[in-house]
Every structure is written in C-alpha cells, then in structure tokens.
Amino acid sequence: DLSQRMMAIIESMVARVEVASIDEAFLDLTGMPGNLTEFGRTIRSKVYRCTGIPVGVGIAPTKTLAKLANYTAKRIQAHTGGVVDICDPVKRDWVLRNTSVGEVWGIGRKMKAHLEGMQILSAKDLATADPRMLRKTFSVVIEKTARELAGTACLELDEVEPPRQEICCSRMFGKRLTELGPIKEAVATYMMRASEKLRAQGSVCKK
C-alpha cells in the first residue's frame with residue numbers, strides 16, 4: 001500500500017507525526033537542526049524514490065500556515081521545487097498576500113463568499129481581521145483559522161490516527177474481461193482485504 005509506505009518513510013525521519021489523510025501528514029520539526037528547506041527536500045526526494053509519489057512540502061509555525069505553504073509549493077512548483085518554508089515573516093507575508101481566502105484550509109465556497117462580502121479577499125486579509133469579530137460573526141473555528149494564519153498555533157498535533165471512514169482495496173484489470181468468473185474472484189479477494197483492514201482498526205460497517 002503506497003500510503004502506508006509513504007507514512008512509514010516519514011515516520012522514520014521525524015519523531016512526531018500526525019497522519020491527516022491517506023496522502024497527507026503533519027510533522028513536528030521543533031528542534032530540528034540544520035536548514036528546514038533542505039530537510040523538506042530530503043523528505044520529498046526519499047518519498048519519491050521509494051514510492052514514485054511527487055509530494056509537496058510546506059513548512060510553517062502553524063498547521064494552517066503549513067497547509068498554505070504546501071499549496072504554494074504545488075502551485076508554483078517550477079519555482080519552489082515542491083518545498084516552501086514560510087517560517088520567515090517576509091516570505092510568509094508574500095504568500096498570505098498572494099493567496100485567495102478561498103484557498104485557506106477549511107474555507108469552503110459559502111464561507112469564501114461571506115468573507116469576500118466583508119472585503120476579506122486574501123489570506124492576509126483574514127490573518128489581520130479582528131478575531132473577536134470573526135468569532136461573533138462566524139464561529140470559533142474561523143477565529144482559530146485567522147489566528148493560525150497570523151502565526152499563533154491553535155491546533156495541536158494529533159498523533160493518534162483517527163479510524164478511516166472509507167476503506168478502499170482495488171486494482172485495475174490488466175485486460176478486458178468478458179467472463180464473470182474472474183471478476184467474481186477479484187471482488188472476493190479485495191472484499192477480504194478490505195475486511196481485514198476494517199477489523200484491524202476495530203470498525204464495523206452497515207449494510
């Protein structure tokens with residue numbers, strides 16, 4: 001499983017890791033010696049070498065800023081090489097100013113429209129908005145998002161992986177099939193593998 005291999009590589013390089021999804025993780029780089037951008041390139045290179053997956057790496061003081069850095073790393077990959085470090089306030093300010101508020105982690109289409117109606121158009125606008133006003137108008141979640149964009153960590157690293165809500169086990173057939181037998185056999189095989197994963201995380205499913 002490529003996802004498990006990728007996470008195993010990451011966990012071999014960093015002590016504290018939060019697996020956020022099948023293809024995304026947050027790493028705690030506190031106290032990491034040396035150049036963080038170079039370390040990010042090392043992670044990216046090793047993951048690609050071992051899995052063939054071209055990942056993006058975003059480095060920042062908070063999880064929301066790290067997501068923004070990762071988005072920037074992928075958006076202008078020709079210039080970033082897939083790694084962006086915005087721990088430096090000047091670089092961070094540039095990214096915030098040049099990113100639409102709709103690209104901020106957790107801001108959906110409806111929220112984007114509400115914020116733009118208040119002239120909060122960029123990530124920088126949200127970072128500098130009054131947190132109390134955001135809480136009163138929207139929710140504590142948006143307030144925390146703004147504080148995170150401003151550099152204040154509000155979201156802790158969750159090192160316990162939550163149970164997956166979806167489990168997928170599949171492969172493409174190597175050729176066109178015209179008989180039902182091989183299809184039934186393949187379905188049975190992958191149903192068994194999915195069931196093993198379901199039992200391993202202690203979950204159940206409804207019919």
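Using full-length UniProt numbering, count along the sequence shown one by one with no gaps and you end on 207.
Just so you know, even glycine gets a beta-carbon here, dropped at the ideal spot from N, CA and C.
- In this structure, T152 sits away from V104, with a CB-CB distance that is not shorter than 8 Å.
- Our two residues, E143 and S45, have alpha carbons roughly 36 Å apart in a direct line.
- Nearest in C-alpha terms to D158, of all of I10, M6, L27, is L27.
- Judged by DSSP secondary structure, G117 falls within the alpha helix (DSSP H) whose first and last residues are 109-117.
- Here the alpha carbon of D93 sits roughly 56 Å from the alpha carbon of E185.
- A distance below 8 Å separates the beta carbons of T62 and E148.
- D1 and E116 have their C-alpha atoms some 41 Å from each other.
- One alpha carbon belongs to M13, the other to G56, and they sit about 16 Å apart.
- Counting of Cβ neighbours within 10 angstroms places K67 among the buried residues, the total reaching 16 or more.
- The beta carbons of N70 and G81 sit no closer together than 8 Å.
- Checking the DSSP bridge columns, you'll see V83 partnered with V57.
- Counting the other CB atoms within 10 Å of its CB gives T99 a total of 16 or more, which places it among the buried residues.
- Burial check for I76: the Cβ neighbour count within 10 Å stays below 16, so the residue is exposed.
- By DSSP's assignment, S139 forms no beta bridge with any residue.
- Beta-bridge partners of E24 (DSSP): S21.
- When the five nearest sequence neighbours on each side are left out, no beta carbon in the same chain lies closer than 7 Å to the beta carbon of A113.
- T72 is positioned such that its CB atom lies no closer than 8 Å to that of M6.
- Between the C-alpha atoms of G31 and K91 there is a straight-line separation of about 21 Å.
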